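In the numbering used here, the protein residues as written are 285 to 623.
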Ligand SMILES: Nc1nc2c(ncn2[C@@H]2O[C@H](COP(=O)(O)OP(=O)(O)O)[C@@H](O)[C@H]2O)c(=O)[nH]1
Ligand SMILES: [Mg+2]
């Protein structure tokens, strides 16, 4: 018994130290930053709890970065654009973190890992930190981990945190809900894309960027810009102090990269002045809290033994139209509340 107790004490002693990780992240140590993120992503409750404790300890040091989201269909050039932008910012003396949200990413590594070849220069830079999407889990879970990582990167002193997402599902909404500036990258051939593009995504955008505006595609890109300006003109602006611009960019020529960053800075200045930046961030934080509450409640609901026992039958009845969803939900909640 005392032996077992001794072994337990030894393994507790070996548990990762909150202070060590906190101080490491604070000092901008990328290795300890990566380790802390791994703790937060851990499926082991004890390790995840250490990660949460580190995050809590660092909370006073968060909030200092430009938070920029980039979305667009696969192949539009997000990773290439982010690398060019990242190198531009590093040239200007900034430190840049790149995170990804890819709910479809397999366990073996997210899309951004596959893209790492395209961010080769950036990933080798001492002033850059690139982290692929957390793997597995729901979009909600992946988004929560990415938010936490974003905060850690801020505590580590990164000046800019860029969150990339593939334009699938609701991942754009998830990214837009954690950044200050949300940009949509578009292909030079506008017509079809306008048709296929979810209108909701246009409404979320703080800027549209027609990418690959180079070589033979330059003319098409200019036409696309006109078409998108028209499309945006028909939307009600989301902010009284900002009209989303439609920009041209090319990672090949470098054209438009500096212009994009100027737009981000201009947006920041105006929304900071009007108070919208602070309002946006606090609304995002409140929404995040509620989403965590919702997830925890649902987990506790599903874990309830009697609910779990009743669930398959009731679900089947609802599916077959033999019970209404409302009646089944009331029944389940009754069972849940009973004990
Ligand atoms: N001509 C041109 N090609 C580009 C540009 N940016 C990216 N590409 C190419 O487009 C393809 C997809 O780029 P990638 O960054 O992986 O796209 P992602 O899937 O959106 O991350 C690659 O073959 C890139 O070389 C650009 O500005 N101009
Ligand atoms: Mg990519």
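Just so it is clear, CB atoms sit at the ideal spot from N, CA and C, and this is done for glycine as well.
Just so you know, these numbers come straight off a predicted model, no measurement behind them.
Within the region 427-498, the complete beta strand (DSSP E) runs of at least 3 residues fall at 444-450, 465-470, 491-494.
Look at residue 335 here: in three-state DSSP terms it is helix. Cβ neighbours of residue 321 within its own chain (closer than 7 Å, five residues either side excluded): 415, 433, 436. In the displayed model, residue 542 falls within a helix according to three-state DSSP. Rounded to the nearest whole angstrom, the CA to CA distance from residue 600 to residue 555 is 50 Å.
Sequence-distant partners of residue 498 (beyond 5 residues in either direction) whose C-beta falls short of 6 Å from its own C-beta, in its chain, are 534, 536, 537. For residue 382, no alpha helix (DSSP H) run applies; the uninterrupted beta strand (DSSP E) run containing it begins and ends at 380-385, by DSSP. Pairing residue 410 with residue 403, the inter-Cα distance amounts to about 13 Å. When the alpha-carbon of residue 621 is set against those of 424, 438, 591, 612, the nearest one is in 591. The residue from 364, 490, 428, 438 with its alpha-carbon nearest to that of residue 407 is 364. DSSP places residue 355 inside the beta strand (DSSP E), whose first and last residues are 350-356.
Non-local C-beta neighbours of residue 551 in its own chain, meaning closer than 7 Å and more than five positions away in sequence, comprise 465, 490, 526, ordered along the chain. Here residue 417 is near residue 384, since their CB atoms are less than 7 Å apart. From the listed residues 558, 422, 509, the smallest Cα separation to residue 575 is found for 422. Per DSSP, reduced to three states, the secondary structure at residue 360 is coil, with no helix or strand assignment.
By the 16-neighbour rule on beta-carbons within 10 angstroms, residue 609 is exposed. A distance criterion of 6 Å places the beta-carbon of residue 364 in contact range of ligand 1, judged by its closest non-hydrogen atom. Per DSSP, the continuous beta strand (DSSP E) segment holding residue 532 begins and ends at 530-532. The distance from the Cβ of residue 501 to that of residue 472 is about 4 Å, consistent with a contact at the 8 Å cut-off. When DSSP states are grouped into helix, strand and coil, residue 571 belongs to the helix group.
Within the model, the alpha-carbon separation for residue 508 versus residue 540 is close to 15 Å. Secondary structure note for residue 412: its beta strand (DSSP E) is the uninterrupted segment 412-415. Of the residues assessed, residue 496 falls on the buried side of the cut-off, its CB having 16 or more other CB atoms within 10 angstroms. With a contact defined as Cβ atoms closer than 8 Å, residue 352 and residue 444 qualify at about 6 Å. With a cutoff of 7 Å on beta-carbon distance, residue 412 and residue 309 are scored as not near each other. In the displayed model, residue 566 falls within a helix according to three-state DSSP. Shortest gap from the CB of residue 417 to any heavy atom of ligand 1: 6 Å or more.
CA-CA distance, residue 518 to residue 486, rounds to 11 Å.
In terms of side-chain proximity, the C-beta atom of residue 467 is found no nearer than 6 Å to any non-hydrogen atom of ligand 1. Assignment of beta-bridge partners to residue 523 by DSSP yields 526. About 5 Å separates the beta carbons of residue 338 and residue 305, which is inside the 8 Å limit, making them a contact pair. Exclusion of residue 330 from the 6 Å shell around ligand 1 follows from its C-beta lying no nearer than that to any non-hydrogen atom of the ligand. Relative to residue 345, the option among 381, 307, 335 whose CA is nearest is 307.
According to the DSSP assignment, residue 597 belongs to the alpha helix (DSSP H) that extends over 589-603.
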